[in-house]
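Position in the sequence shown counted from 1, then plus 5, gives you this note's numbering.
Notes to accompany the following structure.
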Amino acid sequence: MYILAIDTSADETSTAIVNERQIVSNFNFSQVALHQNFGGIYPLAAKREHALKIQPAVDIALKRARLSLDKIDAFAVTFGPGLAPALEIGILKAKELATKYNKPLIPVDHIEGHIYSSFVQNSNGNPQREFSFPLLAFVISGGHTELVLLNDHINYQILGETLDDAAGEALDKASRLLGLGYPGGPIIERLALKGNKDRYPLPLPMQYHSGLDFSYSGLKTAFKRIVDNLSAEEKVKNLPDLCASYQETTINSLIFRLQQTLKKYPVKTLVLGGGVSSNRLLKSRIRSLCNKKGVTVYFPPTTNLSTDNAAMIAVAAYYKFKKGIYLTDPSILDRIPRANLDKYIAPLT
Ligand code: KG4
Ligand code: ZN
């Protein structure tokens with residue numbers, strides 16, 4: 006079964022075709038260069054760029070798959086969460102295609118895509134990973150920090166989420182404060198390699214807060230206070246230490262909550278998703294925690310499957326389709342910029 010999926014929830018115009026779990030093609034027009042000057046995503050510029058690139062992105066995914074539109078069995082699109090003007094462009098295109106070819110339209114939540122990203126396979130069917138429920142998913146991206154329990158396919162219980170900024174957003178903001186580029190996560194990771202993580206002690210966010218939620222606004226303020234007290238030269242000279250200290254506290258906060266969650270919900274499998282999950286230090290910490298606890302852990306198989314992509318949307322869509330969750334009348338689909346996994350499985354407005 007061929008599914009063509011579209012994701013335009015943020016700054017990537019992504020298209021992909023999968024056959025069940027296997028990638029046939031996976032394409033991305035990145036807008037990173039466009040947003041670099043703003044230090045974050047500028048919604049109206051994102052919309053304009055998506056509108057220009059969506060048809061070429063669909064054409065390239067088809068060309069690379071050596072398929073024509075009439076061979077596609079179903080279309081899938083991200084309906085939320087994300088930037089409203091950006092989501093709109095992908096949804097319009099998916100509705101247009103599903104209507105024209107009279108095929109089912111499968112609405113997918115962006116977080117749902119990140120959860121399924123560890124199960125995307127290449128065209129040889131690798132990696133071969135089995136689903137085993139209950140399964141814990143930890144999505145750590147620029148827009149989200151979420152701990153989700155799955156008791157079955159497409160059955161979600163949110164255990165914890167961020168009350169303000171996402172972990173990736175916190176890294177992006179620190180990067181901007183230090184005058185570094187966007188996205189901040191990989192830049193901070195690189196500089197931190199040469200830094201002393203204990204040089205600038207920072208408070209561990211939410212350590213006295215019961216429950217499994219996250220918060221990064223306090224950490225951001227504490228870090229800003231440190232940076233504001235440095236002269237311009239000190240700031241430059243100590244960049245690696247600043248990055249290492251900030252990254253360390255961000256990672257500690259993620260590990261702290263993960264530990265508590267695994268204690269409360271002793272699952273056998275953990276899956277990671279989202280751009281931050283490609284961070285090497287975080288990965289090794291999670292691996293050693295899971296080793297100790299006897300938990301099988303899966304990360305997205307490649308970096309381009311941890312950041313935004315449409316292959317993960319297509320694979321999540323496949324499991325939704327198998328459960329009968331799809332629209333036969335595409336016109337009723339609308340975007341839900343603040344979609345919440347345990348509230349909307351499909352926006353049947
Ligand atoms: O999943 P993603 O591509 O988009 C969202 O859905 O938000 O995640 C982007 C986020 C950005 O905040 C970026 O700084 C962060 O992921 N990121 C990283 C790394 N690579 C990307 N953070 C830490 N270490 C990395 N290597
Ligand atoms: Zn994402």
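Glycine residues also receive a C-beta, built at the ideal position from the N, C-alpha and C atoms.
This structure is a prediction, so every number in the text was calculated from the model and none was measured.
Shortest gap from the CB of H40 to any heavy atom of ligand 2: 7 Å or more.
About 16 Å separates the beta carbon of S289 from that of T308, a gap too long to meet the 8 Å contact definition. Around S137, the same chain offers K273, T274 and T301 as residues with beta carbons nearer than 8 Å, after the five sequence neighbours per side are excluded. Residue pairing of T301 in beta bridges, as defined by DSSP: T274.
The beta carbon of A15 sits closer than 7 Å to at least one heavy atom of ligand 1. In the DSSP annotation of this structure, the continuous segment of the beta strand (DSSP E) that includes I11 starts and ends at Y7 to D12.
Distance from L168 to D218 at the Cβ level is roughly 5 Å; contact confirmed, criterion being Cβ atoms closer than 8 Å. DSSP places Q162 inside the beta strand (DSSP E), whose first and last residues are N160 to E166.
Collapsing the DSSP output to three states places I46 in coil. G184 is classed as exposed because its beta carbon has fewer than 16 other beta carbons within 10 Å across all chains shown. Here L346 carries a coil assignment [DSSP, helix/strand/coil]. Taken in chain order, the complete beta strand (DSSP E) segments of 3 residues or longer contained in the region 51-128 are 79-85 and 110-114. Rounded to whole angstroms, the gap between the alpha carbons of V29 and A79 is 14 Å. Here A171 carries a coil assignment [DSSP, helix/strand/coil].
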